[in-house]
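Data block below; observations after.
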Amino acid sequence: MATIPASFTPRTILVIKLRHHGDMLLTTPVINALRQRYPDASIDVLLYQETSPMLQAHPAIRHLHRIDRKWKKLGAWQQLKHELALVNAIRRSRYDLVINLADQWRSALITLISGAQERIGFAYNKRDNAFWRLCHNQLVAATSFNQLHTVEQNLLALSPLGIPTNHVPVSMHYAHQEWLATEQLLLQRGVNGPYVVIQPTSRWVFKCWDDEKMAALIDRLNQPDLKIVLTAAPDAKEMAMIEHILSLCRNPQVTTIAGQLSLTQLAALIDHARLFIGVDSAPMHMAAALQTPCVALFGPTKLQHWRPWGENNRVIWAGDYGPLPAPDSIDTQTERRYLSAIPVDDVVAAARSYLDA
């Protein structure tokens with residue numbers, strides 16, 4: 000494949016990533032690096048509708064093209080209409096450069112249909128065929144992915160452009176009114192001073208610590224001038240977990256606003272916190288992006304790929320205390336909690352290292 004000349008200066012750029020909330024946040028270093036290299040370019044992103052709050056306030060992004068996964072429930076004709084409208088919108092944008100960070104056939108086809116002069120993707124082993132090569136005129140080797148953080152994997156896509164990628168931050172943005180709304184909710188809960196945010200929950204139970212240990216941590220952090228604010232998604236299982244943890248707590252400084260915040264309001268909450276404590280989840284990545292001190296509890300997930308990105312955090316890995324199964328062998332629907340081996344004392348010590356600094 001021909002290399003991209005150094006003189007290439009795109010006016011319009013599309014970045015494609017079709018994954019979960021945390022994945023979307025970890026694309027922001029690519030967006031930030033593109034903005035630095037091409038300050039006058041318009042940068043758009045194609046993503047799933049439900050993940051758009053992660054990027055909707057990013058100042059470098061002009062427009063979000065959204066794929067709603069509910070389209071398929073509308074029937075074949077309605078889904079086709081939405082898909083064609085999306086393709087037409089992308090064609091009308093006349094992109095000079097498309098960077099496909101995804102591995103789906105759908106993302107590759109959209110990359111091709113865009114008509115962009117330069118179309119960058121990854122040379123995945125599972126996509127080693129003529130159609131994938133047709134869709135991209137620049138393919139970047141993915142052979143080093145196992146050794147790289149997800150941020151570093153994404154940034155590799157910029158190598159054909161010769162863009163420097165050292166020390167590019169992950170970033171999370173929200174509107175000021177999101178903080179004002181969150182602040183009012185905190186005041187209603189009696190939180191008018193310093194606070195710690197704890198998100199014990201995940202969409203996958205196997206990523207969670209024991210409720211009893213989480214309650215013990217909350218009790219050990221009891222001090223008169225520090226509130227503990229619990230958060231969670233408005234999912235029935237997550238809300239039940241929060242209620243159970245609260246029932247075990249004796250710390251009078253703990254409160255909950257679980258299930259009551261939008262993702263951008265949660266970002267505002269985390270941004271103003273003294274400390275974030277949580278498990279491997281999107282809010283943990285948000286804390287790292289917002290440079291809020293973060294204590295992250297990990298189990299049998301790929302730590303190299305998903306640890307919080309940045310310097311202001313501490314990872315406590317269950318694998319340091321006992322054997323863990325291989326991440327790819329996990330039944331994600333299991334109720335087993337693989338973080339059980341993590342002792343309360345070590346999490347308390349990590350939290351105190353930030354709170355007492």
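Taking numbering that gives the first Met the number 0, the leading residue of the sequence shown gets 0, the next gets one more, and so forth.
In this text, a Cβ means the ideal position worked out from N, Cα and C, and glycines have one as well.
Spatial distance of residue i from residue j (CA atoms)
i    : j    : result
V44  : R91  : 15 Å
K80  : S106 : 18 Å
W70  : L46  : 14 Å
V314 : P282 : 14 Å
L358 : I3   : In the structure as shown, the chain starts at 0 and stops at 356, and residue 358 therefore has no counterpart that could be examined.
S41  : R61  : 6 Å
M53  : H148 : 19 Å
A288 : H172 : 9 Å
A180 : L186 : 10 Å
L83  : I112 : 11 Å
Buried or exposed by the 16-neighbour rule on C-beta atoms within 10 Å, applied to residue i
i    : result
T331 : exposed
D279 : buried
G277 : buried
Q48  : exposed
F130 : exposed
R335 : exposed
A88  : exposed
Residue i, enclosing beta strand (DSSP E) - first and last residue
i    : result
D43  : S41 to Y47
E117 : E117 to A122
A295 : C293 to F297
P60  : As written in the sequence, residue 60 is Ile, which differs from the Pro given in the question. Counting along the chain, the beta strand (DSSP E) containing I60 begins and ends at I60 to I66.
N358 : The question about residue 358 has no answer here: the residues shown for the chain are numbered 0 through 356.
T11  : T11 to I15
V139 : Q137 to A140
L197 : Per the sequence shown, residue 197 should be read as Ile rather than Leu. I197 -> beta strand (DSSP E) spans Y194 to Q198.
Host alpha helix (DSSP H) of residue i (start-end)
i    : result
Y353 : V343 to L354
L289 : Here L289 belongs to no alpha helix (DSSP H), and DSSP marks it neither H nor E.
Of the residues the options, the one placed nearest residue i, counting alpha carbons only
i   : options                   : result
F7  : R118, V29 and K72         : R118
Y94 : I109, W104, Q103 and D102 : I109
N31 : I162, I66 and G114        : I162
S51 : T26, R126, V204 and Q303  : T26
Contact test: residue i Cβ vs the ligand NAP heavy atom, cutoff 7 Å
i    : result
P342 : As for the ligand NAP, it is missing from this structure, which has no ligand bound.
Answer yes if the stretch 160-169 comes into contact with the stretch 31-46, meaning at least three C-beta pairs across the two stretches below 8 Å, and no otherwise. yes
Counting pairs of beta carbons, one from the stretch 4-15 and one from the stretch 94-106, are three or more of them closer than 8 Å? yes
So, does the stretch 253-266 touch the stretch 315-332, judging by three or more C-beta pairs under 8 Å? no
Below 8 Å, can you find three or more Cβ-Cβ pairs linking the stretch 210-219 to the stretch 239-248? yes
Three-pair Cβ contact test at 8 Å for the stretch 336-350 versus the stretch 291-303: yes
Are the stretch 217-227 and the stretch 248-260 in contact at 8 Å, needing three or more beta carbon pairs? yes
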